[in-house]
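Residue numbers (the numbering used here), protein chains in the order written: chain A, 335 to 435; chain B, 608 to 1015.
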Amino acid sequence: VTREGRSNARLLRLAPEDNVLIATSHLRAGDEVVADGVIWHLGQDVETGFKLASRDLAPGDVVLRLGFPIGEITAPVAQGAVVHVQNVKSRYLRTHHRGEA
Amino acid sequence: MSMTSGSSPSARGYLRRDGRKGIRNVIVVVYTVECAHHVASRIASAFDDDVQVIGFGGCYPNDYAANMLERLCTHPNVGAALLVSLGCEGLDRARLAGSIEASGRPVNTMVIQDRGGTLATVATGQAWIAATQASLAAIEHVPFGMADLVVGTICGGSDGTSGITANPAVGMAFDRLVEAGATAIFEETGELIGCETAMAARATTDALGTELIAAVHKAEAYYATLGHASFAPGNAEGGLTTIEEKSLGAYSKSGHGPISGLIKPGEIPSQPGLYLLDVVPDGEVRWGYPNINDVAEVAELVACGAHLILFTTGRGSVVGSAISPVIKVCANPETYRRMSGDMDVNAGRILDGSATVSEVADEIVAAAHSAIGGQLTISEQLGHQEFVLTYKSFEPSGPSCHPLTIGR
């Protein structure tokens, strides 16, 4: 979505330099979604607002959303996999989650 | 955009004796310790939604809480105040009553221990409110223009959609309201972490830019002492991964315009423009979380003079506020489908392409005009009047935090 633009993508790229895409609706494992000019065959469900890796990511890589750094990769992430708390940490302050020890 | 500082067609303000103009005509019933809360609620229960309960639960005095209550009781949306005290608590009720009286608003103090207990205080309190309502009904109506408006924004229950839909739409609405002459306040320095450099570049002076960065660094240090960020489990369940990702979305509520000042809770902007509210206490970490929930943050925006709150939510917050109406802007289309009865604006339409950010911003501005004109927002219609006030401590903001008033 650009500031004035209308979105119809099911996977959204917010900035050219981003290495994640955002799901604009609940995507299901097995769905085929077009984004970045290629067809993505989803290996898992992706909930609305969640992020997918647009390329392979390695520990230490900085995650870019809207061109801004939003955290650091902590475990290898394959292109097309969900990027979230299981493989990203804050570069500022930790966050806590339900079910966490 | 042209400077449209005129009032909207239906807008009418309530002129207070101190010269401020409100968009609601509320009587507040104020408990000055938790022990008086029930009696205050009982007094208010006999009346409609324009008699509202606020207060401070603590028995021990706190300058921040006393100042907050003073600002809230003299808020332009408030026409009169009834203080309900147990009698032995620490809050300086005489000073609070004096400030309200000095503002020209009717005020009365009822001390439960002196009045003969619960029933007697409820009866005399209700009688005073009934009499005061009659005098408030006769208050002068005046035009209410954009230059009179103070609007605040907060996000509550953010998720991965907030930063794409509702928050940038509120930001664009903020840009339009400020261009039209209004005062706009955004907040939660603990949710601007990682955005401080970009934000400082928008400051109207270099000195203010330095203060904006310092305020975010203060928040980061404060939360580091607490052990984690301003980030609820529901944020992660909604797709937000880190505080910097949440911050990026939260920051977009501030729009793209210049930032005129940095204020602290209870400080009222001296002239129109865009302001950051620094909600994180000064000094060592003393009384826990900067704000224990969204409701405490809304109270601080109201204490800074906000007539109206633009509240974005992804997960689905239902709260409103005492004193100032809340307009609920829903970020997530799935949440909207589940909870449309609690939402004023569906910003989730941006996600499926059925609306642009600009179109939703137009809707938000229109909803603000309706609320200013007296139409009840959804949370008002549902009777939401949440209020929370806790212990905190602040130093006043420094001189470089405020715009120059020369030529005003």
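No residue lacks a Cβ here, since even glycine has one placed at the ideal position from N, Cα and C.
Just so we're clear, the structure is a prediction, and the values are computed from it rather than from any experiment.
How would you call residue i, buried or exposed, if buried means at least 16 neighbouring beta carbons within 10 angstroms?
i, result
"residue 1033 (chain B)", "Summary: the structure shown does not reach residue 1033 (chain B), with chain B confined to residues 608 through 1015, and so no result is reported for it."
"residue 692 (chain B)", "buried"
"residue 334 (chain A)", "It is not possible to answer for residue 334 (chain A), since the shown part of chain A is limited to 335 through 435."
"residue 777 (chain B)", "buried"
"residue 904 (chain B)", "buried"
"residue 643 (chain B)", "buried"
"residue 878 (chain B)", "exposed"
"residue 970 (chain B)", "buried"
"residue 370 (chain A)", "exposed"
"residue 349 (chain A)", "exposed"
"residue 638 (chain B)", "buried"
"residue 373 (chain A)", "exposed"
"residue 817 (chain B)", "exposed"
"residue 863 (chain B)", "exposed"
"residue 899 (chain B)", "exposed"
"residue 982 (chain B)", "exposed"
"residue 420 (chain A)", "exposed"
"residue 755 (chain B)", "buried"
Of all the CB atoms in chain B, is at least one closer than 9 Å to the CB of residue i?
i, result
"residue 388 (chain A)", "no"
"residue 351 (chain A)", "no"
"residue 373 (chain A)", "no"
"residue 381 (chain A)", "yes"
"residue 414 (chain A)", "no"
"residue 410 (chain A)", "no"
"residue 361 (chain A)", "no"
"residue 400 (chain A)", "yes"
"residue 427 (chain A)", "yes"
"residue 393 (chain A)", "no"
"residue 355 (chain A)", "no"
"residue 368 (chain A)", "no"
"residue 405 (chain A)", "yes"
"residue 376 (chain A)", "no"
How would you write the range of the beta strand (DSSP E) that residue i sits in, first residue to last?
i, result
"residue 659 (chain B)", "658-662"
"residue 871 (chain B)", "Residue 871 (chain B) -> no beta strand (DSSP E), and no H or E assigned at all."
"residue 722 (chain B)", "Per DSSP, residue 722 (chain B) belongs to no beta strand (DSSP E); it is in the alpha helix (DSSP H), 719-722."
"residue 399 (chain A)", "396-399"
"residue 942 (chain B)", "No beta strand (DSSP E) holds residue 942 (chain B); the alpha helix (DSSP H) holding it covers 940-946."
"residue 369 (chain A)", "366-369"
"residue 634 (chain B)", "633-638"
Would you say residue i faces chain A, with C-beta separation under 9 Å as the test?
i, result
"residue 998 (chain B)", "no"
"residue 786 (chain B)", "no"
"residue 608 (chain B)", "For residue 608 (chain B), the pLDDT reaches just 35, beneath the cut-off of 50, and the residue's location in the model is therefore unreliable, although a value from the coordinates is still provided. Answer no: the Cβ-Cβ gap between residue 608 (chain B) and chain A never drops below 9 Å."
"residue 838 (chain B)", "yes"
"residue 850 (chain B)", "yes"
"residue 831 (chain B)", "yes"
"residue 865 (chain B)", "no"
"residue 895 (chain B)", "no"
"residue 639 (chain B)", "no"
"residue 586 (chain B)", "Examination of residue 586 (chain B) is not possible in this model, given that chain B is present from 608 through 1015 alone."
"residue 917 (chain B)", "no"
"residue 800 (chain B)", "yes"
"residue 857 (chain B)", "no"
Where do the N-terminal and C-terminal ends of the alpha helix (DSSP H) with residue i fall, by residue?
i, result
"residue 645 (chain B)", "644-651"
"residue 735 (chain B)", "725-743"
"residue 702 (chain B)", "700-709"
"residue 692 (chain B)", "Here residue 692 (chain B) belongs to no alpha helix (DSSP H); instead the beta strand (DSSP E) covers 685-692."
"residue 375 (chain A)", "Unbroken run through residue 375 (chain A) is the beta strand (DSSP E), 372-375; no alpha helix (DSSP H)."
"residue 357 (chain A)", "Per DSSP, residue 357 (chain A) belongs to no alpha helix (DSSP H); it is in the beta strand (DSSP E), 354-357."
"residue 426 (chain A)", "Unbroken run through residue 426 (chain A): none, as it is neither H nor E."
"residue 412 (chain A)", "First-last for residue 412 (chain A): undefined, no H or E at that position."
"residue 793 (chain B)", "Element bounds for residue 793 (chain B): not the alpha helix (DSSP H) but the beta strand (DSSP E), 790-794."
"residue 853 (chain B)", "850-858"
"residue 781 (chain B)", "773-786"
Between residue i and residue j, which are expected to be in contact by the criterion C-beta below 8 Å, what is the C-beta distance as a whole number of angstroms?
i, j, result
"residue 933 (chain B)", "residue 902 (chain B)", "Between residue 902 (chain B) and residue 933 (chain B) the Cβ distance is about 10 Å, and since that is not below 8 Å, they are no contact."
"residue 712 (chain B)", "residue 734 (chain B)", "Rounded, the Cβ-Cβ distance is 18 Å, inconsistent with contact."
"residue 885 (chain B)", "residue 869 (chain B)", "6 Å"
"residue 758 (chain B)", "residue 938 (chain B)", "18 Å between Cβ atoms; not a contact."
"residue 916 (chain B)", "residue 950 (chain B)", "That pair is no contact at about 14 Å."
"residue 427 (chain A)", "residue 831 (chain B)", "6 Å"
"residue 344 (chain A)", "residue 367 (chain A)", "5 Å"
Is residue i near the ligand NAD - that is, is its Cβ less than 8 Å away from at least one heavy atom of it?
i, result
"residue 779 (chain B)", "The ligand NAD is absent from the structure shown, which contains no ligands of any kind."
Contact between the region 848-867 of chain B and the region 764-783 of chain B is defined here as three or more beta-carbon pairs at a separation below 8 Å; is this criterion met?
Using a C-beta cut-off of 8 Å, the region 848-867 of chain B makes contact with the region 764-783 of chain B, since at least three inter-stretch Cβ pairs fall below that distance.
Three or more C-beta pairs under 8 Å: does that hold for the region 403-416 of chain A against the region 370-387 of chain A?
Under the Cβ criterion (8 Å, minimum of three pairs), the region 403-416 of chain A counts as touching the region 370-387 of chain A.
Could you say if the region 657-671 of chain B and the region 692-709 of chain B meet the contact criterion of at least three C-beta pairs nearer than 8 Å?
Because the criterion of three Cβ pairs below 8 Å is met, the region 657-671 of chain B and the region 692-709 of chain B touch.
Contact between the region 842-852 of chain B and the region 395-405 of chain A is defined here as three or more beta-carbon pairs at a separation below 8 Å; is this criterion met?
Judged by Cβ distances under 8 Å, the region 842-852 of chain B makes contact with the region 395-405 of chain A, as three or more pairs qualify.
Just checking, does the region 666-681 of chain B make contact with the region 740-749 of chain B on the three C-beta pairs under 8 Å criterion?
No, the region 666-681 of chain B does not touch the region 740-749 of chain B.
Could you tell me whether the region 789-801 of chain B touches the region 816-825 of chain B, where touching means 3 or more Cβ pairs closer than 8 Å?
By the Cβ test, the region 789-801 of chain B is in contact with the region 816-825 of chain B, since at least three Cβ pairs between them sit closer than 8 Å.
Within the chosen definition, does the region 643-659 of chain B reach the region 726-741 of chain B through at least 3 CB pairs nearer than 8 Å?
Output reads yes: the region 726-741 of chain B touches the region 643-659 of chain B.
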